[in-house]
Amino acid sequence: MPKISLNMITQRSIEEGAAMEKGKTNPDYFDACSICEMHPDDMKKAGIWKNTNVLVTSECGSVIVKAITATQYVPPGLAHIRQGVWANQVVPPRTQSTGTPQYSGFPVTIEPAPDEKLKTALQLVQGSVGLWKGGQ
Amino acid sequence: MPKLIKGVGCPYCGSSCDDIEVLVSDDETRILEVHNACIIGTNLFHHANDPTRPRLPRQRQPDGSVKEIPYEEAIDYFAKTLLAAKKPLIYGFGSTNCEGMSAVGRIAEKAGAVLDNCATICHGPSFLAMFDNGYPSCTLGEAKNRADVVVFWGCNPMHAHPRHTSRYSIFPRGYFTQKGQMQRTVLCVDPRETDTAKLADHHLMLDQSHDYELFDAFRTVLRGFDIPEVVAGIPREKIKEAAEIMKKAKFCMIFFGMGCTHTDGRNHNIDAAISLTRDLNEHTKCSIMAMRGHYNIAGPGQVWSWQFGFPYCIDLTKGSHAHMNPGETSSIDLAMRDEVDCFVNVGTDAGAHFPIQAVQHLKKHPWITVDPNFCMASEIADLHIPVRIAGVDEPGVVYRMDNVPIQFRAVIKGLPGVPSDEELFDMVYERMCELTNTAPIWLAAKEDRKYPQNPAVI
Amino acid sequence: MATVTLKPTKVPELMFEGYSITPDAFAGKTAAQIAALPGHEGKIQVTIGDFFEVSGNGGETAADTDIVIAGDCSRVKYIGSKMTAGTVTVNGNADMYVGGWMKGGKIHIKGNMDSFCGIQMQGGELICDGDAKNHVGCAYRGDWRGMKGGTIRIKGSAGNDIGTFMLGGTIIIEKDAFIHVSTHAEGGTVIIKGDVEGRVGGQMVKGDMYVLGKIKFMMPGFQKVDTVEKEVDGVTMKLDHYIGDLGERHGKSKGQVVYANLYLKAAA
Amino acid sequence: MAEIIVKGGFIIDPTRKIDGDVGDVAIKDGKIVDKVSSSAKVIDAKGKVVMAGGVDVHSHVAGPKVNVGRLFRPEDKLLSGFCRSGMAQKNGYRMESGFSVPSTFKTGYDYARMGYGFVMEAAMPPIHSPHVHEEIHDTPIIDEAALPVFGNNWFVMDYLKKGEVENTGAYIAWLLKATKGFGIKVVNPGGTAAWGWGLNCLTLDDPVPYFEVTPREIITGLMQANEYLGLPHSMHVHQNDLGNPGNYQLTLDSLKLTETVKPKNKFGREQVMHSTHLQFHSYGGTGWGDFESKAKEVMDYVNKNKAITVDTGNVTLDETTTMTADGPFEHHLNGLNHLKWCNVDVEMETAAGVVPYVYDPNIKVCDIQWAIGLELALYAKDMNRIFITTDHPNAGPFTRYPRVIKWLMSRKAREDLLSSFKHKDKVIAATTLHQLERELTLFEIAQMTRSGPAKCLGMSNIYGGLAPGMSADVAVIDLNYKNMPGDPEQIEKAFQRAACFIKSGEVVVKDGEVVSNGHKKTVWVNVKMPENPQVTRDITQSFTKDYTVDIINYQVRDYLAPHPYVIDVDVEA
């Protein structure tokens, strides 16, 4: 499988904010945040088709998200997952002794995972602490 | 007859718009219409109508399920858990009024806790920079009335603060800026071409995580020295042109955001921005402001500074004095180093917004969530205590991103039996005092209701 | 000379704040008295004896007291902080604030150190055989008076913020460093024998830096002025001399503007 | 409420000209009374001095810039934090922190420990008034009031440019009510408004950019408006050109502006101008090289003119935090010491700056500043018109008042310090302190810290004395009037920690330790006058167009000042 190494940033968007205020289990929140924005050239390099799922892996974990062409332009080499549950599966907790994690500017690899399923917010968070009961 | 309430404050982002109009039902229990707010604020007000909003505390059972329990039981558990822990961490306060933040100070002192707020994962580095280099800033009205050059550095108000540009920074017509946007030059520094960058007259699309070098390049140019041909991916000429625009401004306003605080160097990016602001004040008038995320996230910084001398990451375990050193006493570091043994999440969602590894560490110990709604932090908590929503069914003082206090009102009646943050914390405090056989310390001025026999004035 | 040996007996559940582990606190005390010296684990006041087996009595003064910790202190903070004389040796790792606010004496950590070691150090010697995390020899938050004197030698690598707000003394990192070296410094010397990612000497007013490896991203405010021959940690070599940070304010001495100096090992 | 009798102390009460007579002070229901029943709680004051509670006329203790000072100086807490004992919670009071800018809890407790009962927050930016009141109600024990700043307010400048004193008065009346404020504070008139564009007004006739009104017109107009309204306090001014060599001439010119204005009020106040932290305004010389004291020149004029009261602003030679609504000054100061700099320009109203500052005894200028502050008091003739302050925390923290008192009461203490200075000879040459033999008496100290400031604030019926009917704020100071200690350090020690302090009829400090969180009040002035339609329209329009907050969210809600003491002032149409 081809893979691409990119620099990841995770920040706010109005779609995320608007959906979050409806509740984090709302489908809008799922749609707004379980995506990864990339430059089309990078997608091509990694053999990723628009609107298919990819596996994003950082030094501290991985997550399945849907790759889309950027809603706000990102240059080649940079990737963006909107702030939220999916992004935080891969955000390194290292703080450079300032208290603030590395939410932006950390290396990830991204590879196609068209057959993998996206997880819901609850599944990811409850699953990570051994509380997830649903979905089996 | 439905009632239209004007001048309502919006409890979402740091813009803390207080020109919202809300139409509420005759019996003041439902929000019918929201005017003037952005899409996010509108959703927030409407979400308060959600009939499934929790009305009772919910405790996790040994089998993983949750059960509703009475408030008395929840308060007792809360108090006992705090007292039993060697070092509890009380974190959050992104969506709480200052009354709640003040009340929690009393608990934290009593519990020997670490008190931290969302700034720790957000604008905490801005505090660090402020400690080191100061903060030449102003209120948002100054930007509105005077600024003819506006710089957005590593922030994206079009998404994160949707009405910021129309109320304060780009479009409004102010006292000396009668022509609004026509009179303003807008610069945007961002590695992405965000919707804010699209609005700007000049977009400096820098290499991600090289803000510090770019700030230094601006400063070097301003002092008349030459710089390399390309700095942080920006050609020298473009840097010189932007520096000249700032220098020639009548009033230059720099707004910065997570693009500076979440990347390499953290506080130093802002530190350099502050140095640039100081330098520009040799040539013109220049101000800088952090784009604070929540409507009252400046609040804990204020309240806890006057109570303990520090805005965040306050370690009260010693009982005799407060200690602060982000990197050590900050929530994420405490979690990752397994330095706390109880976690209280108030008015925020650490479950969703902490890196997942930090959540896993914290989850090794009791986890209490205080929040009006269901969220990730409530769904993994051992105890979830619902409270009223500040700015919706609970009034209170909030501090806007420029530290201007705004007295928010309640627009609807609270759910019956559901306390405010302040009431809940006061009850927990009283319970802690009962359990430890000590007299509660109420400052008379704050706690009017605690002193029914208070002698009248002189 | 008296040697006090602390043998770890228990790993603290949270961190043990061992602010009493200094020759100054141990001096004039018996092993039993030392074991009773206070520390904190969270809000609980504990004693050194709760986590260590103490053998040997302290010397008459701090200068006569050597402390040897025979084991790992990965969860012990403040070792040797504020000490004025004597020695502390740790046969393992140490947590934060090793040698913080230290005025004299010597600390030797044989493993790695966490962050904030040598914070606002004024004198003495701090040696670490392994790596140090961040904020080596920096200032406390908000203080413009960083490290004033003494020597810190890290035989491994260090993270970010080395010598922030430094005013004097010497920091030597024998391997690599990450970002922010001598930021805001107004004196002192930092030597990095390996590579640095970048942000070397930003906002620096005065002082010296030596980098013998490569700097990946140079600060735009530094300019090369000449090539010089200088001794660096006992070895003489040819170095490219840069001055800066030209974006920052600088004082004058005898009519001449005094810049901070960066010496980069010249290409052979 | 229980009765208390303070028995057998040396009573010092300038309001009744009592100077050291042995007697009792009876207290009932929070007030001083003629006598109490035999069941009254007895406080033995034998061999000790008994005074009214202290009244501080000018101190920065609550509000946005004070809090900036706390927030941005963690290092101010580092040392004080490391050396304090662990008794806070055990003793039944809240945690304390900070040295130069103490937390609200420490502020209230420390003032009470020194026997102070009332403190005036010296500068309240109106838009931030809810913040000021939030801090006031988190400050235990002491009664407080706050002065909103007017000297650079756009409404005021607009009206005064046109000479409209009545409209200015109507606006002031509205703002005092909206902010629950006490009176008119003026800081660097015009200069702070000019700072909005990075400029300043350094003479009385520098016009404010755009508004085209001068500091002279602002000062005079606000004095006139103050007397038109008949407020309890006079206009309270921090003059232009603070802190610069040679500024004493401008100070004298500003003080002379009082000559055309007559006091008019029902509160027994005689002055029309309170000139604050005069030390910073009494400088001679043309630069830091020939910097010298002009305290005598300034006090010669003050002594002649009854229409002026002043406070000293004593430099205490500490590391402290400067903070003022004089925005351009702080920018200037930052250029001198290169430490961190905070600035807050406040829309339509004012600005503020905050910069740490080290008054180093090894620096000549700092020592001269120290001497000037003391000279002012030692040259004063009427001790009821000059008050002890440190412009807390600008020239030093308020916790140094006992030290200032020591220097004023003991020539030995002054000379000991003076002779320890590195630049002793230069300091002696640039000042006259070395020649001054005067040592103030306890009676004079009581005038400067009790009766004087209370009268100047128009509250001599409540504070500053021990006459029946007044608020029962009574401090017992462990000094023997008949046998004062030879060691001046004992004077400082006695004033630092009162042997006993009774506030509003309740014992709050015993043997220097806080024993109760007390009952405090917020004092504000409510001017009642007929509505002025033009001013109402101007205010409404400005909130629609220029402000960024809604007018209904601007006015301080009642619950934020839960224990108000409201002074009503009636103005005839």
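Protein chains in written order, with the working numbering: chain A, 281 to 416; chain B, 38 to 495; chain C, 20 to 287; chain D, 304 to 876. C-beta atoms are modelled at their ideal positions from N, C-alpha and C, and glycine is treated no differently.
Chain-order list of residues whose beta-carbon lies under 7 Å from that of residue i (same chain, five-residue window excluded)
i, result
"D/Glu469", "Tyr531"
"C/Gly58", "Phe35, Glu36, Gly37, Tyr38, Ser39, Val65, Thr66 and Ile67"
"D/Met417", "Gly357, Tyr704, Pro705, Phe798, Gln799 and Ala801"
"C/Arg94", "Val30, Pro31, Met34, Phe35 and Asp114"
Partners in chain B for residue i, counting only beta-carbon separations shorter than 9 Å
i, result
"A/Cys340", "Pro392, Ile393 and Gln394"
Own chain, CB closer than 8 Å to residue i, minus 5 neighbours either side, in chain order
i, result
"D/Ala770", "Asp316, Thr318, Arg319 and Ile335"
"B/His398", "Ala372, Met373 and Asp375"
"C/Ser100", "Tyr38, Thr41, Tyr116, Val117, Gly118, Gly119, Trp120 and Met121"
Under 7 Å from the C-beta of residue i: neighbouring residues of chain A
i, result
"C/Asn153", "Gln376 and Ser377"
Bounding residues of the beta strand (DSSP E) (the contiguous stretch that carries residue i)
i, result
"B/Arg67", "Neither: B/Arg67 is in no beta strand (DSSP E) and is coded neither H nor E."
"C/Thr208", "Glu205 to Ile211"
"D/His541", "Met538 to His541"
"B/Tyr436", "Gly433 to Tyr436"
"D/Val353", "Val352 to Ala355"
"B/Arg97", "Arg95 to Arg97"
"C/Leu281", "Ala279 to Lys284"
Residue i versus residue j - alpha carbon distance
i, j, result
"D/Gln527", "D/Gly590", "35 Å"
"C/Val73", "C/Phe45", "11 Å"
"D/Val345", "D/Leu478", "45 Å"
"D/His580", "C/Asn112", "55 Å"
"B/His421", "A/Gln291", "28 Å"
"C/Lys284", "C/Leu231", "5 Å"
"D/Pro664", "B/Met283", "41 Å"
"D/Leu745", "D/Thr563", "35 Å"
"C/Val215", "A/Glu301", "44 Å"
"B/Gly451", "B/Arg425", "6 Å"
"D/Ser388", "D/Ser400", "Reliability of the predicted coordinates at D/Ser388 is poor, the pLDDT of 45 falling under 50, and no value is obtained from them."
Contact list for residue i against chain D, beta-carbon separation under 7 Å
i, result
"B/Gly46", "Asn856"
"C/Arg268", "His641"
Residues that residue i contacts on chain B, provided the C-beta gap is smaller than 8 Å
i, result
"D/His250", "No answer is possible for residue 250 of chain D: it lies beyond the span of chain D, which begins at 304 and ends at 876."
"C/Ser39", "Correct list: empty, because the minimum Cβ distance to chain B is about 14 Å."
"D/His580", "Those within 8 Å of D/His580 in chain B number zero; the least Cβ separation is about 23 Å."
Amino acids of chain B, ordered along the chain, whose beta-carbon sits closer than 7 Å to that of residue i
i, result
"D/Trp644", "Gly171, Pro173 and Arg315"
"D/Pro433", "Val434, Pro442 and Gln444"
Span of the alpha helix (DSSP H) around residue i
i, result
"D/Asp871", "No alpha helix (DSSP H) holds D/Asp871; the beta strand (DSSP E) holding it covers Pro867 to Asp873."
"B/Cys323", "Careful: B/Cys323 lies outside any alpha helix (DSSP H), inside the beta strand (DSSP E) at Lys322 to Ala327."
"D/Phe798", "Pro791 to Gln799"
Residues of its chain near residue i, where Cβ-Cβ distance is below 6 Å and the 5 sequence neighbours each way are ignored
i, result
"D/Asp670", "Phe724 and Val730"
"B/Lys104", "Gln96 and Gln98"
"B/Asp244", "Ala269 and Gly270"
Per-residue contacts from residue i into chain A (C-beta, under 8 Å)
i, result
"B/Gly101", "Leu411 and Lys413"
Amino acids of chain C, ordered along the chain, whose beta-carbon sits closer than 9 Å to that of residue i
i, result
"B/Ile76", "Near B/Ile76 there are no residues of chain C at all, since even the closest Cβ is about 38 Å away, more than 9 Å."
- Could you please tell me which residues of the segment 156-186 of chain B, in chain order, have their CB closer than 7 Å to any CB of chain D? If you check each beta-carbon in the segment 156-186 of chain B against every beta-carbon of chain D, the ones closer than 7 Å belong to Met167, Phe168, Asp169, Asn170, Gly171, Tyr172, Pro173, Ser174, Cys175, Thr176, Leu177, Gly178, Glu179, Lys181, Asn182 and Arg183.
- Closer than 9 Å, Cβ to any Cβ of chain D: which residues of the segment 140-166 of chain C, in chain order? Of all residues in the segment 140-166 of chain C, Ala158, Tyr159, Arg160, Gly161, Asp162, Trp163 and Arg164 have a Cβ within less than 9 Å of some Cβ in chain D.
- Item | Where the segment 349-366 of chain B meets chain C: residues whose CB sits under 9 Å from a CB there | Within the segment 349-366 of chain B, the residues whose Cβ lies closer than 9 Å to any Cβ of chain C are, in chain order, Leu353, Thr354, Lys355, Gly356, Met361, Asn362, Pro363, Gly364 and Glu365.
- Message: Any C-beta of chain B within less than 8 Å: which residues of the segment 546-571 of chain D qualify?
- Response: none
- Item | Interface residues of the segment 314-342 of chain B facing chain D [CB-CB below 7 Å] | Answer in chain order: Arg315, Asn318, Thr321, Lys322, Ser324, Gly338, Gln339 and Ser342.
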